[in-house]
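Reviewing the structure listed below.
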Amino acid sequence: MANIAVICEGVSEFNIINHIVSRYLGDHSLNAVQPKINNDTQADEGGWSRVLEHCSDDDIEPILQLNDYLIIQIDTDSSHITPYDIPHNFKDGTPKSPRRLHAEIKARLMRELSSDIRKKYIHRIIFAICHNEIECWLLPLFYTDNRACKTNNCIKVLNQELSRRNMDGIPDTNKNSSKARKAYKTIFKNMKKRGVIEQMAGHSEGFKYFLAGLDTIVE
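If you're matching positions, the sequence shown starts at 0 in numbering that gives the first Met the number 0 and goes up one per residue.
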């Protein structure tokens, strides 16, 4: 069983990543480095800026000395904001493809890592780059039409179907609430098998790349 550290935007992102890893790979120990999580509750500040701050030598080196692998998760919805600085569109206003945006954001995260860290540890770092927000990865559980591939308003679209099925929705103003945790746990009941995870990933470039990273894990 591998020990896997996780740097991510929040507790909901950690729980989704944790569930995906457990169903795709089997039992592994996931350790929340950022944010801190106590009793399934986020205990300190989250967000993309904290993810970038933790991608420094002072943090990464000790993490990878204590863990076998490191997952770095980040959403793309705020990537145009300084100091993230990865615009969603080209200069002529044309939207970047999910593949192009994923590549640029991965390169942005890599720039936070020194050449020494990259040389020593890059084979043990896995990126979970979520186009817009990680909840977009969950849409294929409930939709088989073009909404399964949506990359905007994903929580709203997800909640519409959850409501139709008389399931608890995710409060987008507080994903750290007890109501949100209950909603995610209900959603996870539909993600029990590796084949389901693979089918979901087929609708998202970032999800596919994340699974490819998980495939490199060796116990």
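For glycine and all other residues, C-beta sits at the position ideal for the given N, C-alpha and C.
Under the rule that a run must span 4 or more residues, the alpha helix (DSSP H) segments found entirely inside the segment 128-173 read 153-163.
Cβ-Cβ separation between ILE121 and ILE104: approximately 16 Å, too far for a contact (criterion under 8 Å).
Going by beta carbons, ILE196 and ARG22 fall inside the 8 Å limit.
In the DSSP assignment, ASP74 falls within the unbroken beta strand (DSSP E) covering 68-74. GLN33 is positioned such that its CB atom lies no closer than 8 Å to that of VAL20. Counted as a single uninterrupted DSSP element, the stretch harbouring VAL217 is not any alpha helix (DSSP H), since DSSP gives it neither H nor E.
Scanning the segment 42-119 from its first residue to its last, the whole beta strand (DSSP E) runs of 3-plus residues come out as 68-74.
In this structure, ILE59 lies away from ILE125, with their beta-carbon atoms at least 8 Å apart.
A distance below 6 Å between beta-carbons, with the five flanking residues on each side excluded, links GLU204 to the following residues of its chain, in chain order: PRO97, ARG98 and HIS101. For LEU29, the closest of SER113, TYR68, GLN41 and LEU157 by C-alpha to C-alpha distance is TYR68. Listed in chain order, the non-local C-beta contacts of ASN14 below 6 Å within the same chain comprise TYR183, local neighbours out to five positions each way being set aside.
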